[in-house]
Amino acid sequence: MNLDCPKGDHFRNGHNGFAHGRSHAAGAAPSGRGAGLHVFLGLPALIRSQAMSRVLELAERAARIQAAVLITGESGCGKELVARAIHHFSLRCARPWVDISCAALPDHLVESELFGHEKGAFSGAEAAKAGLFELAHGGTLFLDEVGELDPRMQVKLLRVLDGTPYYRLGGVRKVNVDVRLVAATNLDLEQAMKTGRFRRDLYHRLSEVHIAVPPLRERPEDIGPLAEFFLSRQEPSLRFSPEALAALRGYPWPGNVRELRNMVVKTALSVPGPVIEPADLHPTIRNGRSNGGGNHRTATLESMERQAILKTLTETRGHHRRAADLLGISPRTLRRKLKLYESQGVGCHAG
Ligand SMILES: Nc1ncnc2c1ncn2[C@@H]1O[C@H](COP(=O)(O)OP(=O)(O)O)[C@@H](O)[C@H]1O
Ligand SMILES: [Mg+2]
Numbered sequence: 407m408n409l410d411c412p413k414g415d416h417f418r419n420g421h422n423g424f425a426h427g428r429s430h431a432a433g434a435a436p437s438g439r440g441a442g443l444h445v446f447l448g449l450p451a452l453i454r455s456q457a458m459s460r461v462l463e464l465a466e467r468a469a470r471i472q473a474a475v476l477i478t479g480e481s482g483c484g485k486e487l488v489a490r491a492i493h494h495f496s497l498r499c500a501r502p503w504v505d506i507s508c509a510a511l512p513d514h515l516v517e518s519e520l521f522g523h524e525k526g527a528f529s530g531a532e533a534a535k536a537g538l539f540e541l542a543h544g545g546t547l548f549l550d551e552v553g554e555l556d557p558r559m560q561v562k563l564l565r566v567l568d569g570t571p572y573y574r575l576g577g578v579r580k581v582n583v584d585v586r587l588v589a590a591t592n593l594d595l596e597q598a599m600k601t602g603r604f605r606r607d608l609y610h611r612l613s614e615v616h617i618a619v620p621p622l623r624e625r626p627e628d629i630g631p632l633a634e635f636f637l638s639r640q641e642p643s644l645r646f647s648p649e650a651l652a653a654l655r656g657y658p659w660p661g662n663v664r665e666l667r668n669m670v671v672k673t674a675l676s677v678p679g680p681v682i683e684p685a686d687l688h689p690t691i692r693n694g695r696s697n698g699g700g701n702h703r704t705a706t707l708e709s710m711e712r713q714a715i716l717k718t719l720t721e722t723r724g725h726h727r728r729a730a731d732l733l734g735i736s737p738r739t740l741r742r743k744l745k746l747y748e749s750q751g752v753g754c755h756a757g
């Protein structure tokens, strides 16, 4: 597999202002220490497991055609990395990359962000502004957390994706753009379509190619290399003992790679010695290893509850409502407990 951007020279010369690293050097096939490191739009990515190599291959194939791509997977598992890889592998790689999180903005702002507005279109619109679709012309627009789009925006997006020209808010001039759309979500869109929260026609339009990124616990062979990679960037003089690495592999990582990276950064800041031992890890991670091992005699009620919650979240693939149902608690209580664990340093971003 050729991992170069088809127009890689633009990139190497710093086109678009993005730093470009070692992606020209390594193939996707894992072959020994250090192999599998790529950089997509300045984000270094370690691709080691067969599962992630397959995801990357699919991303490369999708990149070569014009199809819209939907990337699904739990929070923190690498969906944005895959989206950036698609742009990197595509013929559009020297053209703009534009991204927006549909969850980060209130509904009424999403429309003007995406489609732009003319001066005076609404109170506060003191100057005309191009929308992200226009800014992404010729390139790639990444709609993150697309499951959060409100129903009115879903209709408008579908029309634009079907090739209907649109107007900026308050505009009279039709806008035509050539944009490749990549969307991502951690929501269960099947469920959202059943309840009518997400339009089925939009789903089909967005998912001409569907890439499912597996959660970290389904590719445990990635845990050690990723932990060592994050540690070497944070504090090159530190390393994990084999026992600490085994503990990391035994924990289900409901917050996926993001949680792993945060844990490594926190641990690196608090451990003085050259070697990180299991005792230096957060108790929940150490306990994660004893899951099912019958080693609970000294566990507190609180830590058993935490384990039950994390295990159920793992079983429901991060689905909060289903996990709450299974545990016999309300989704609100579940959210409160997850917030507490996060404040204790065991981030639970799944779902
Ligand atoms: N394979 C990987 N190699 C290196 N970093 C990764 C990898 N996968 C995820 N990350 C990092 O983990 C964090 C979460 O990844 P991201 O792509 O934002 O996840 P998602 O979009 O699914 O929430 C980011 O900081 C990202 O750079
Ligand atoms: Mg994300």
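Heads up, the working numbering is the position in the sequence shown plus 406, with the first residue counted as 1. We put the CB at the ideal spot given by N, CA and C, even for glycine.
For the options Glu466, Leu452, Arg501 and Asp686, the alpha carbon positioned closest to that of Leu541 is the one of Arg501. Taking 8 Å as the cut-off, the beta carbon of Ile453 is found closer than this to the beta carbon of Leu462.
Annotation: the stretch 503 to 533 contains the following complete segments of the beta strand (DSSP E) (minimum length 3 residues), in chain order: 503 to 507. For His493, the enclosing alpha helix (DSSP H) has its first and last residue at Lys485 to Phe495. Around the beta carbon of Thr478, a 10 Å sphere encloses 16 or more other beta carbons of the protein chains shown; the residue is thus reported as buried. Phe521 sits buried, since 16 or more C-beta atoms from the chains shown fall within 10 Å of its C-beta.
Distances between the C-beta of Asp550 and the heavy atoms of ligand 2 include at least one below 7 Å. For ligand 2, no non-hydrogen atom lies closer than 7 Å to the CB of Glu554. Taken atom to atom, the span from the alpha-carbon of Gly602 to that of Ala729 is near 22 Å. For Lys562, the Cβ stays outside the 7 Å cut-off from all heavy atoms of ligand 2. Met710 is classed as exposed because its beta carbon has fewer than 16 other beta carbons within 10 Å across all chains shown. Contact between Leu654 and Arg645 does not hold, since their C-beta atoms are separated by about 13 Å, which reaches or exceeds 8 Å. Within the DSSP bridge table, the entry for Leu549 names Ile506 and Ala589 as partners. The continuous alpha helix (DSSP H) containing Ala730 extends over residues His726 to Leu733. Glu524 is positioned such that its CB atom lies closer than 8 Å to that of Leu575. Scanning its chain for C-beta atoms nearer than 6 Å, with the 5 sequence neighbours on each side dropped, one finds around Ala469 the residues Ile492, Phe495 and Ser496, in chain order. Glu748 is the residue among Pro737, Tyr657, Glu748 and Arg490 whose C-alpha sits nearest the C-alpha of Lys672.
Within the chosen limit of 7 Å, ligand 2 does not reach the beta carbon of Glu665 with any heavy atom.
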